[in-house]
Every structure is written in C-alpha cells, then in structure tokens.
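Residue numbers (my numbering), protein chains in the order written: chain A, 115 to 271; chain B, 117 to 403; chain C, 69 to 860.
Comments concern the structure below.
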C-alpha cells in the first residue's frame, strides 16, 4: 500500500536489515517488523518515554523517529542491555529498590537512565528527577525509581 | 496521501533539486512531523526528503561577527555548546526547558523554527537575539541563499515565509554587544513536556538601570511568536524604577493578543504577562 | 547439627517476584502477544454526541482487500446489554448517546487495513439535541437519553440497594438514586452552634494506565471461548460475558496477561471486549484489539465527577452534630461503576469522624457525556474533599484548633458507627497525632495563618486531612471470598494457585511471602499462578483494597493446612510430638532450639514414595466475616477498616497561581506492614496520583467531547514535581487481617486533595472548593476582585 524502503542498521550489536514503509515509526518497526516487544507503545507522540531507545549513543523516543532514518545508525533497545554492565546494574537496582510495579514504563526508564548516567556520572537526586522528566509512571510515584538510579550512580562513582 | 518517493540526499544541491520539483515534506528530527502526521494534522506530500545527510547543516561556528547554527543542530547540542552558553544564555535556558532529554536529543532548531508554533520553545530567545534565517534554494539551476530576520519569518501558526522550494539551512545570531543581558521565562503547569502557557524574553544592553537596544518577545500570546515593539519602546532608555516597570508591564499586557484555549484563558495569559514582565524587569534592574 | 533461627519475613523489604522480568523488558503484556493467524480489530466510534442512527453503509469497507469482517448491531442480533446498568449494547444500532459509542467494528489482516476500512464506513445520523449538564438533564422537557421501549434487563447482582432506574426514571434521565440516613438531622441541626453549607465540584480525571486497553479473543473448534483480557474481575467477567454472548459460562476461559496498570479501570465490561468476541466468532480467527492512546482517553471510563453540597454542624466544644449531603452525579450516557460511588461516599459522610446524625442523597443523571467507572478511591476522594474542608471550616468558625477538633471526634477501637461498621481496630487518633507531630503541623499552621496578609510572592501553608476506607474487603457481591489451591512438590517447590489477580500492586509477592512465612521455605521456592480461570479458584476480584486481606487469608489458610499435614507426617516419621516441631528454612526443626531434624524435601519425597502415598495438596476458600448491607445501606460491610492522615505542605505562587506540593507527611493505619517495599510503593504512587487529581490533571469535556485526549494536554505528574514524602505506619494489628494487615491500595490517594485545599487556605486565606487547583483557577480565586465581567 505504501512506499517501502530497505534499510540497514546495527541493532543491539547485530547488523540488521529490514524493509519498512517510509511512514513507519522506529517503534512500529521494532515491535512489528523486527519483533522485539520490550520497547512499548504508550502514547505514540513522545510525551511518555515508554518507547525510549538509544540511537548513536543518545536516548530518544522511538515513536517519533522514522524507521527509514535508522539507516546506517546504531540502535540499542532494552533487550540489548541484557549484557551491558550499566544496564544490568540498573535493572537489578530497579528490582531491589521496588521501582517496578506494573512494569510498563520500566524498559523506557531503564534505557533512559542508562544512557543519561553514562553522560552524567555524579548526579544529585534533583538531576536524576530531571533526567527522567520525559518518562511517565502511573504506579510508583517515581520515588523508588530515583532511589534505584541514585544507588547505581553512587556505586559507579 | 501516501508518500510516493523518498530521498536522503547527500549534498545541498541535490536536496534543493528535489525541492524545486515541489510537493516535498522535509524530514529533519521528525519530532513534530511524526506525531502530527499520525494525528492527521499534517498530510505527507508526494515526496519525503530526509535531510540528515546534507553536509553543512549540523555545525555551530563563529561566522564573522556572529555565530551560525546549522538547522540540524539538536536542542541538546545547543544546550551543551560552549558558544551558545557563552553568548546566548537565554537560548541555552530555553533549550533546557525544552520537553525532555529524549526530545532534546532528536529535535532540531531548524524543525522548531519551521514548525512555527506560536509557543515554540526556542523562538522567543531567537527573536530577542535578532536571529536571521538562512534559506537556500535552486530556482535557476544554481544554489541561491537569502537571509530573513526571524522577526519577519513567521506569518501565522505553523506558517512561515519559507517558500516550498526553500530549505532552512541555518540560523545566524549576531554576537550581542558588550553589556548585553537577557532574561527568559517560560510558564506552564508542568516543568517538562509542556507547550508553554506563555513565554517571555527580554534583552538589551544594561547600563545602570536602563536598557538600550531593548528587545522584547513573547510566545503563546499571539498567532506567532512576537516581538513587542510598543513594550520595547517603553523599555528603551527608561530608568527602570518601580513606576516605570509597572507602566511597561501594563503596556506589555495590552500589546499581547492571546486567545482562550484548553491550556489557559486569554485573561490569565495577560495577567501572567503583566506579572512576569514586572518580575523580569525588577530582576534586570537589580542585576 | 544444624541450627535454624526463627526468621520472619513480615515487615521486610521483599523484591517483587516478577520485577526482574519486567525490568529486562521480557514481560509480555496483552499488546505484546500475537496468536498465530490473528486478525486486527478496530472500532468505529460515533462522531456525534446524541443522534439517531439512520443508516450504516459498510459495503465499501467489506470490499476492501484484507478485511475479514465488518459488524454492526444488525449483524449481532444475539448481543445482550452489558455493564453495571445493563443499559448499553456493545454495538449501537438505534442511537448514539455519546461520542465514544461503538457503531461498527472491523477485523482485518493488519491494523493499517482495519483503519482504512473504518474510513470507508458511511454513517448517516439524525442529530438529537445533546444534553451535557446533569442539572439540565433533569429539567422537564429535557431530551430523553434512554428512550428505549424495551425494559432494562434485571439489575446487576451487586446493586440490590440503589438499583438502576426503571423506564419511568429513565424518562427523566435518572439512572440511579441513593438515599441514606442515620439519626435525625433536624435534631442535629438544632443542637448545632455553628453550621457550614457549601457546594463542591469534583471534576473528570481518567486512569491513564501506561498500558492501553487491549484484548484478544479466540474460539476453539468446539466453540469454547478464550479471552486474553486485562480484567480485574475475571470470574465475574466469565459470567457476564456469558450473559452478553448467550453462552454457557463454563465454556469461557479468561487468561490475564500481565497488566499495564489497572487502578479500577478494568472492573466493568466495556463494549470493546464483547465486540472483539463477536469478530472472533464471525471470522473463526483469533482477533486482537488494542486502543490507541487517544482512543484510551476518549473511550475509557473516567473518575466520577460530582457536584456535591455538604451541610455540616458542630457544637461549640467541637463535637460534630450532623452532616447532610446531596450530590448530583453526571452518569454519562451509560451506567458503569461510577454511579455506585455513593456506596463509598455515604460511608465517609456518615462515619469519617463520629457523626450522630446524617442524611445522604445522590441522583445519578444520564447525560451525553463520557461515563465514569471505578477509580482508586471510588468516590472517597470526592466525599473526603468536602468533609475535611468542613472540618477546618467548623474549627475556624468555633475558634478551635483543627487538630484538636478532629481528635475530639475521632473514633476509638471497638466503636460501631450508626451505619453498622464495627471498628475492631482503629488507628485514626494515632494517625492524626503522628502526622501532625512529624510534620510540625501546629507551628507551621499558626505561622502561615499569621503571615497570610503579609506581602510576598510565595505563600506557604500546611493542611491536614484524614480518610476512612474499607480495609478488609467490601461485601457487595454475594461472596467477597477468595480461593486458593496449594501444592508442594517432591523438591519442596510450592505452587500457589490463587484467584487473586495481580495488577501491578504486588499481590503475588505478598501472597508468596505469607505462605513462606507459614511454611518456612524461601521465596524463590514459590510459583504463583493467578491468571487463568481454568486453573485458579474463584475470587471476586481486585477492588476495595481487598486483595492482601482476603487473598492473603485464603493463602494462609491453605498454607496452614499444608503445614498441619507436613508436621503430622514429620511427627510420625520422627516420633516427636507435633508441638515440638517447626518449619524453618526448608527444614523440619525442633521448636525452641531450632535444631534441624529433617530436610523438608526429603520428608515430602518419603511421604510420596511410600505405601500410603500422599502428596501435599491443600485448598482453602476464605470468606471474610463481614455482612451484606441491608436495604438501608446499613451493615458491617468490611472485615476491617483503615485510616490515614496526611499533612501536606504547599507553596503558592501568588503571581501565577502555581501550587507546588512541597511535602506530604502521612500516617497510615495499615494493621501491619507485610512487604515494606511493596507498601511504600503503593503509598508513594497513591500520593502522586492524588497530587495529580488535586493539581495537574483534568479531562476537559466540553459539549460531550473530550478536548485533551493526550498526554500533551492531560497533565500527569512528572518526576521533578513530586513532593518530599515522610510516611509512617501505624500497626494496629487487626485480629482478622493476615498477620494483622489491612488493605491499603486506595488509601494514599484519598485525602490528598482535601489536605491540599486546606493547605492553600492556610497559606492564602482563600478556600477553593473546586478541582483541580490549576494555576489559573488558584490565581482567579486569589485575585477575585480583578476578574473582569464576562471573562470565562
């Protein structure tokens, strides 16, 4: 029905090719074409952060990015953090500190925190809260999410 | 309408050649284009052009007596750039208030300018800083450029003087004169992820308690981000004592043209303009 | 010789069992499930607020390649009414009564094709005059919203009091009414030295679960239905789906994938689920239906908006005398759980603090607005908003200290209220004094009051509010019970099959914790199965903060039966008396010394592989010792009640009206802390949800249309805006509660708005009785004199 384009990119360390409609978002590509469901749809307009992924070293909302714009870029999703030391530390801290309730916002939170912490290794709690200002959570009230991120930051320091 | 052709040109002439044919949607960061197209507020044109690989659009550098900011520079890059921090503090401040970290990493200044929202985050500081838009086109086979002062660039909500065959390549900001101070204020009911209820920008050369070369701009109180000439005239050279500040704030309140919408009423926006203008001038006068 | 000390799990910080899977992105929510051969469904919703449907033309949609079925009401003559009021059909054929009404549905090979098919459906409407104001809807001559000739079906089981209105009531747009009385309010009024009388307006908000609504329906070749549904009440829904579909409930299986948030939104059946089933039936394929976020805002239930008038009196020594409360509930187009919030509201009006005389009335009125469902707190936020403002107002009028006034009227353990609620444990006084002390309430309150008229841009103030809510279930259904099946295998691995659902609140973890506490096994030796109606025993569902209490007691019952069986076997094997044996750390040990006698797994294997082979499998159904209310709404409806007091500190920017929530100090009577990590998370999340209700969130509904169906303009609280929180637990050790615990899920959201209202008044001298406290609303209230006439 719509124009398709074949693109090549690196996804979670693996060279990948995909054929996508040009209007498709990166979020839809990840979930429907590639089949990785860890990145979530919760608003589709960049307001909630549930679809946060890492593109060329920076966190961004996959729902706002055109899939065709992934050409020649390096992407990391929550699945790709399974063997990332900082990602694993964050996931463990989220578990230990009770930062997970329904868990729907959690992948986006972990990805955002991982990328931001790498660039800001000595944050205050206020700075951590600002770092996740683009990630909505309806269950936890954010307190334990901030606790978990702060703990990893302290350890890493 | 579905997209029938997609290009990702690697040179400016090639990009401009595609634009010459007309009927092209430009894709930069995508942070406005994607949600707007999904919501049906924007329909794709026949051609979709990704300009990310066009060289020369992604640098921030000194350019004579000013700084040239490539249209593809992201809000996050602006926020972190030493030239921006040193010379254009209110622009850096606006960038810090912009949405969220994720959006700052993807949204471009070119996109923010061309999207021309009356509440666009970077637009008020750009107006205060006398920014100029650098537009390129290829109407007769060779690349031509023209500069348009940003104060003349916006003609309506979402509408600019950019012709369909033109590409915004850069924003150029003259270095502010010595003694220049700027102030930026953005208000909304949430610090982040908010489209401003109002935004206010001030600038000028401070000498004692007067501002000369005064620039005043407002966002979200008119169909376009606006310079406020009457307020500027009232500020220009005035000794900023309490009486003068109150008078200027009242002029500002009358000069803006806000509407009622789901975010705020016109009356309240005017009250905010009055109160915050006073605050900011107080702050400047005591600097 | 190994010694095992007694180590209790109660009160410890226990990580949620499914958290590792969720944190790594491996959890498959309903959105992430794909069944082989599945089709994708979309619903065509009304573009009118009130209209007759003259004609629906689906021919072009049906002809689109990739479309398997397009259904309208005409195609499903077997559909039956759904919802609490049984006043709506899943697919509307005669008229639409709100903007979200479902007119047609498509199942196609992809979402894109389904969306394209929707665009090809042509609907011809005949507009009817809309009515979007409940008081307008009550006026004679108002358009009648439910003018069906057919009598409504018999009322929902839970609604014996407060039944849905009959055809006569519908003619006047009345959906339901509620009346309650205790004592004689005329006597109360006569005894009062001061009376305050005010209107309060509570607005629309919505759940905003991060996971949007979705369902997958699949029939097997024998006609059995499997639903992958995020329902919070799977067993009730089995029965209700059977009614709507004209099926045998025994042939319906509900599987609950992990849910992306509930908060009460999934307690009623909404049309999209039966519609998905119709499509599955029509296509013989699994059908998946997922909302967009915009659709979620437009078509999901809201919190019940309420226009409330409260009249409260007190004697000059501060003793409360009476409360009269009348409310107008905007029922929206169809009746859902929002209409029944009076059940909860009247409890607060009649029993939050000691009130001898009380009269309560609600009229729930049909309009063409969105309808409300159940939402964490279930009417209690609205009632408490009024009651606790009046407590401050009465204290002010009498020149009494607001804390002293509350303490004077706070109940003590052992009291039974005139409504019949027996407060076996009651921590209200401790909550009040603890929250007040920890927050330095008295000093701050006095200082702020003195500074109200002082110049200055920012004003700080503190406000206090308490809440009362059920803490041991709520017996509104024929049964308020929960069943558990428990088995322990040859390796001492325990499987707990519980009817109690998990909706993100951590129920599976606390149930495992309670069982491990009984049986002395580690948490990682437990598997909890809680999401398949073919496997788990009945539970009424997740609501009324009941799951820990009732699911917990059910699990403990099954665990104790298993323990008895194990210890009896251990006694036989060891020759020691049962009383001298204990279970600790996966071993049978001597009580007292802790000396390990035998490994538990070894004992279980010896039990299994013996001449009289036995497995340890036990069951328990726990029905709480509460009562159904009588026709006058009186009765001890819960097995326990819970309280909390919250003191909030706010900072008001008088130049913008912005209210910043600086700090929340809370004292919660929870009976006993079970999982400290889990309970803190519930309270922190509830506080922020209450903060949103009070300050930032508003679903703007104008002329029946939702104007802000997205997160850009519907403002959820973000991380930088949360307050500092200081939370205290009052452990009143409820005799009936599992290990003494009471329910807490809703409590932290309930009194925040009232406390903030009181704090704003303390800071500025201005009392605002309407929510939310947006900057513009607060600014207008502060500067009342300067609002020009004719300004909106």
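We treat Cβ as the ideally placed atom computed from N, Cα and C, and that holds for glycine.
So which residues on chain B does residue i lean against when the C-beta distance must stay under 7 Å?
{"i": "residue 781(C)", "result": "378 and 379"}
{"i": "residue 776(C)", "result": "378"}
My assumption, with CB atoms under 8 Å, is that residue i sits in contact with residue j. Please give the rounded CB distance.
{"i": "residue 641(C)", "j": "residue 650(C)", "result": "Not really, about 15 Å apart at Cβ, beyond 8 Å."}
{"i": "residue 701(C)", "j": "residue 248(C)", "result": "5 Å"}
{"i": "residue 822(C)", "j": "residue 456(C)", "result": "4 Å"}
{"i": "residue 217(B)", "j": "residue 173(A)", "result": "6 Å"}
{"i": "residue 799(C)", "j": "residue 754(C)", "result": "No, residue 799(C) and residue 754(C) are not in contact; Cβ-Cβ is about 19 Å, not under 8 Å."}
{"i": "residue 268(C)", "j": "residue 407(C)", "result": "Rounded, the Cβ-Cβ distance is 19 Å, inconsistent with contact."}
{"i": "residue 736(C)", "j": "residue 712(C)", "result": "4 Å"}
{"i": "residue 716(C)", "j": "residue 732(C)", "result": "5 Å"}
Which residues of chain C have a Cβ atom closer than 7 Å to the Cβ of residue i, listed in chain order?
{"i": "residue 218(A)", "result": "97, 278, 279, 328 and 329"}
{"i": "residue 387(B)", "result": "847"}
In chain B, which residues lie less than 8 Å from residue i when you measure between Cβ atoms?
{"i": "residue 116(A)", "result": "118 and 119"}
{"i": "residue 185(A)", "result": "124"}
{"i": "residue 768(C)", "result": "378"}
{"i": "residue 179(A)", "result": "146, 150 and 222"}
Just to make sure I have the definition right: I need the residues of chain A whose C-beta is within less than 8 Å of the C-beta of residue i. Which are they?
{"i": "residue 122(B)", "result": "117, 119, 136 and 182"}
{"i": "residue 160(B)", "result": "137"}
Taking residue i as the query, report the chain A residues whose CB atoms sit under 9 Å from its CB, ordered along the chain.
{"i": "residue 215(B)", "result": "160, 161, 247 and 248"}
{"i": "residue 862(C)", "result": "Absent from the model: residue 862(C). The displayed extent of chain C is 69 to 860, so no value can be given."}
{"i": "residue 160(C)", "result": "Within 9 Å Cβ-Cβ: nothing; residue 160(C) doesn't reach chain A, min ~27 Å."}
On the DSSP bridge assignment, give the partners of residue i in chain order.
{"i": "residue 385(B)", "result": "In DSSP, residue 385(B) forms no bridge with anything."}
{"i": "residue 135(A)", "result": "118(A)"}
{"i": "residue 728(C)", "result": "719(C)"}
{"i": "residue 297(C)", "result": "283(C)"}
{"i": "residue 527(C)", "result": "720(C)"}
{"i": "residue 358(C)", "result": "282(C)"}
{"i": "residue 773(C)", "result": "770(C)"}
{"i": "residue 884(C)", "result": "Residue 884(C) is absent from the model: chain C starts at 69 and stops at 860."}
For a contact defined as C-beta to C-beta under 9 Å, what are the partners of residue i on chain C?
{"i": "residue 176(A)", "result": "The premise fails here: residue 176(A) is roughly 13 Å from chain C at the closest Cβ pair, so nothing lies under 9 Å."}
{"i": "residue 303(B)", "result": "724, 726 and 843"}
{"i": "residue 395(B)", "result": "525 and 723"}
Give the residues of chain C in contact with residue i, contact being defined as C-beta atoms less than 8 Å apart.
{"i": "residue 208(A)", "result": "87 and 91"}
{"i": "residue 205(A)", "result": "88, 91 and 92"}
{"i": "residue 391(B)", "result": "723 and 724"}
{"i": "residue 192(A)", "result": "92 and 93"}
For residue i, return the contacting residues in chain B, with the cut-off set at a CB-CB distance below 9 Å.
{"i": "residue 139(A)", "result": "146, 150 and 154"}
Start-end ranges of the beta strand (DSSP E) lying completely within the region 548 to 611 of chain C, minimum 3 residues: 550 to 556, 562 to 566 and 594 to 597
Three CB pairs or more closer than 8 Å across the region 301 to 309 of chain C and the region 366 to 378 of chain C: no
Whole alpha helix (DSSP H) elements within the region 404 to 482 of chain C, 4-residue minimum: Entirely contained in the region 404 to 482 of chain C, the alpha helix (DSSP H) runs reaching 4 residues are, in chain order, 410 to 419, 448 to 466 and 470 to 477.
Uninterrupted alpha helix (DSSP H) stretches inside the region 182 to 239 of chain A (no shorter than 4 residues): 199 to 210 and 220 to 233
The region 592 to 604 of chain C / the region 553 to 567 of chain C touching (three or more Cβ pairs under 8 Å): Between the region 592 to 604 of chain C and the region 553 to 567 of chain C there are three or more inter-stretch CB-CB distances shorter than 8 Å, so the stretches are counted as touching.
The region 437 to 451 of chain C contacting the region 804 to 822 of chain C, beta-carbon criterion three pairs below 8 Å: yes
Segment contact flag, the region 207 to 219 of chain A with the region 182 to 199 of chain A, C-beta cutoff 8 Å, min 3 pairs: no
Three or more C-beta pairs below 8 Å linking the region 414 to 428 of chain C and the region 126 to 144 of chain C: no
At least three beta-carbon pairs within less than 8 Å, the region 170 to 183 of chain B to the region 199 to 214 of chain A: Taking a contact to require three or more Cβ pairs closer than 8 Å, the region 170 to 183 of chain B and the region 199 to 214 of chain A do not qualify as touching.
Sufficient close CB pairs (3 or more, under 8 Å) joining the region 115 to 125 of chain C to the region 176 to 195 of chain C: yes
The region 622 to 636 of chain C / the region 344 to 355 of chain C touching (three or more Cβ pairs under 8 Å): By the C-beta criterion, the region 622 to 636 of chain C is judged not to be in contact with the region 344 to 355 of chain C, since fewer than 3 inter-stretch pairs fall below 8 Å.
Sufficient close CB pairs (3 or more, under 8 Å) joining the region 154 to 165 of chain A to the region 277 to 290 of chain C: yes
Ordered list of beta strand (DSSP E) runs contained in the region 227 to 311 of chain B, each at least 3 residues: 248 to 253, 260 to 265, 270 to 272, 283 to 290 and 296 to 303
Segment contact, 8 Å Cβ cut-off, at least three pairs: the region 371 to 386 of chain B with the region 331 to 339 of chain B: Yes, they touch.
Unbroken stretches of the alpha helix (DSSP H), 4 residues or longer, contained in the region 81 to 134 of chain C: Segments of the alpha helix (DSSP H) lying fully in the region 81 to 134 of chain C: 87 to 91 and 127 to 131.
Within the region 128 to 187 of chain B, ranges of the alpha helix (DSSP H) (whole runs, at least 4 residues): 128 to 136 and 149 to 154
Unbroken stretches of the alpha helix (DSSP H), 4 residues or longer, contained in the region 315 to 353 of chain B: 345 to 351
The region 250 to 264 of chain A contacting the region 128 to 148 of chain B, beta-carbon criterion three pairs below 8 Å: Taking 8 Å as the limit for Cβ pairs, the verdict is that the region 128 to 148 of chain B does not touch the region 250 to 264 of chain A.
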